[in-house]
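Report on one structure; see the data block that follows.
2 protein chains.
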Amino acid sequence: MYIHLDFESDTPIYKQLMHQIIAGIAKQELKPGESLPSVRTMAADIGINLHTVNKTYHQLKEKGFILIHRQKGVVINPDGTPKADEIYMLQLKNALYPLVAESVCRGVKEEEFRQLCISLFQEFTQRKDRSK
Amino acid sequence: MYIHLDFESDTPIYKQLMHQIIAGIAKQELKPGESLPSVRTMAADIGINLHTVNKTYHQLKEKGFILIHRQKGVVINPDGTPKADEIYMLQLKNALYPLVAESVCRGVKEEEFRQLCISLFQEFTQRKDRSK
DNA sequence: CTATCTGTTATATGATATTTATAACAGATA
DNA sequence: TATCTGTTATAAATATCATATAACAGATAG
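Rendered as structure tokens:
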């Protein structure tokens with residue numbers, strides 16, 4: 001899995017890594033049961049410290065995306081990511097709130113906002129070409 | 001305008017304040033040309049330091065929501081908030097990206113996500129009752 | 001048995017972000 | 001002149017982010 005980090009970004013790199021792994025799961029590039037590189041390997045691969053990777057992995061574990069076995073290593077949750085519950089939906093709403101507020105101020109129409117979301121959904125859910 | 005801060009939140013309070021002012025503008029509770037409390041007054045009202053309010057105001061100025069006059073004080077941009085440009089739309093897309101990714105993993109359907117956005121849009125754009 | 005692989009823990013350091021506290025300044029205005 | 005703006009400067013406390021080294025414990029491959 002290809003990881004790209006922007007060290008100039010104001011988004012901390014442990015979060016960037018987390019987002020990219022989640023995106024990989026969403027795109028099914030990372031499948032349930034699949035192994036992730038060890039904290040040391042991942043850290044070396046992308047040129048950061050192992051503790052930073054460790055932080056990412058633990059947050060992903062906390063959210064139910066992965067399992068961490070002390071010796072076997074890290075695997076994508078074989079049962080898949082836990083389904084959205086009320087708490088998640090509330091948290092999602094709170095995250096969307098300021099984005100929608102600013103968009104309204106800037107005259108972004110509901111339709112335009114919707115289209116943006118749809119295009120993002122498609123980016124994750126569209127079938128990849130496996131025929132080649 | 002009523003401001004509520006959560007000091008336990010991991011969202012810094014200067015951002016919480018920023019989001020609430022933007023929400024106020026979106027809801028047209030704060031109208032173009034309207035004054036905002038001085039940094040000192042606002043700080044005293046909500047029980048924080050004036051520099052924290054100052055930081056909020058400057059970020060809002062940077063984004064074009066407000067104007068800051070050295071003596072007159074702070075007013076909501078009389079020309080309204082600048083319209084969304086390509087840069088804003090890209091930034092919005094980048095902000096939505098991880099939210100959509102996680103939602104896809106958790107089985108949130110596009111339709112459900114859309115409904116959530118619509119309900120938020122309505123929260124900001126619905127006409128207030130001015131007949132009473 | 002030993003070397004090597006896991007994640008884990010501990011300790012330290014440096015940089016940056018957040019928030020507060022005091023104080024003073026400059027310009028407009030009542 | 002007193003009071004109101006935002007601004008600037010300095011300091012300090014605290015938290016977050018990221019790195020660096022080192023060691024530990026358990027599983028496993030040779």
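Those protein sequences? They're chains A and B, same order as listed.
The first sequence stops at residue 132 when you use UniProt numbering, and every number in between is there.
The second sequence stops at residue 132 when you use UniProt numbering, and every number in between is there.
Think of the CB as a built atom: it goes at the ideal place given N, C-alpha and C, for glycine as much as any other residue.
For His19/B, would you say it is in contact with chain A, using Cβ-to-Cβ distances shorter than 7 Å as the test? yes
In the DSSP assignment, what are the bridge partners of Leu67/B? Among the bridge pairs identified by DSSP, Leu67/B is matched with Val75/B.
Identity of the residue in Ile48/B, Tyr97/B, Gly33/B and Tyr88/B nearest Ile68/B by Cα: Closest by C-alpha distance to Ile68/B, out of Ile48/B, Tyr97/B, Gly33/B and Tyr88/B, is Gly33/B.
Residues of the segment 107-132 of chain B in Cβ contact with chain A at a cutoff of 7 Å, in chain order, please. Those would be Gly107, Val108, Glu110, Phe113, Arg114, Leu116, Cys117, Ile118, Leu120, Phe121, Phe124 and Thr125, in chain order.
Interface residues of chain B facing Phe65/A [CB-CB closer than 8 Å]: Per Cβ cutoff of 8 Å: Cys105.
Determine, using beta carbons only, whether Ala101/A and Ala95/B come nearer to each other than 7 Å. No; because the gap between Cβ atoms is not below 7 Å, this pair is not in contact.
Along the segment 70-84 of chain B, what residues have a CB closer than 9 Å to any CB found in chain A? Gly80, Thr81, Pro82, Lys83 and Ala84
I believe Thr52/B touches Ile13/B by the beta-carbon criterion, under 8 Å. Please report the beta-carbon distance rounded to the nearest angstrom. 6 Å
Quick one: is Pro98/B buried, meaning 16 or more other Cβ sit within 10 Å of its Cβ, or exposed? buried
Where the segment 20-39 of chain B meets chain A: residues whose CB sits under 7 Å from a CB there: Ile22, Ala23, Ile25 and Ala26
With DSSP as the reference, please indicate the residues paired to Ser35/A in a beta bridge. Bridge partners of Ser35/A: Val75/A.
Taking the alpha-carbon of Lys31/B as reference, which of Lys109/A, Cys105/A and Thr125/A has the nearest alpha-carbon? Cys105/A
So the candidates are Val108/B, Asp10/B, Phe124/B and Leu116/B; which of them puts its Cα closest to the Cα of Phe121/A? Val108/B
Taking the alpha-carbon of His4/A as reference, which of Val39/A, Lys61/A and Ile46/A has the nearest alpha-carbon? The shortest Cα separation from His4/A among Val39/A, Lys61/A and Ile46/A belongs to Ile46/A.
Measure the alpha-carbon distance for Ile21/A versus Gly80/A and round it to whole angstroms. One C-alpha to the other measures close to 14 Å.
Going by C-alpha distance, which of Phe65/B, Lys55/B and Tyr88/B is nearest Pro78/B? Among Phe65/B, Lys55/B and Tyr88/B, the Cα nearest to that of Pro78/B is on Phe65/B.
Please compile the residues from chain B whose C-beta is within a distance smaller than 9 Å of the C-beta of Lys93/A. Leu116, Ser119 and Leu120
Alpha-carbon spacing of Leu90/B relative to Met1/B, whole angstroms: 31 Å
Could you give the C-beta distance for Ile118/A and Glu112/B, rounded to a whole number, given that I count them as a contact under 8 Å? Wrong, their Cβ atoms sit about 13 Å apart, outside the cutoff.
What's the gap between the Cα of residue 136/B and the Cα of Arg40/B? Given a span of 1 to 132 for chain B in the structure shown, any question on residue 136/B remains unanswerable.
Suppose you measure from the CA of Arg70/B to the CA of Leu60/B; what does that come to, to the nearest Å? Taking the CA atoms as reference points, Arg70/B sits about 15 Å from Leu60/B.
Tell me, please, whether the CB atom of Pro98/A is closer than 7 Å to any CB atom in chain B? For Pro98/A, the nearest beta carbon of chain B is closer than 7 Å to its own beta carbon.
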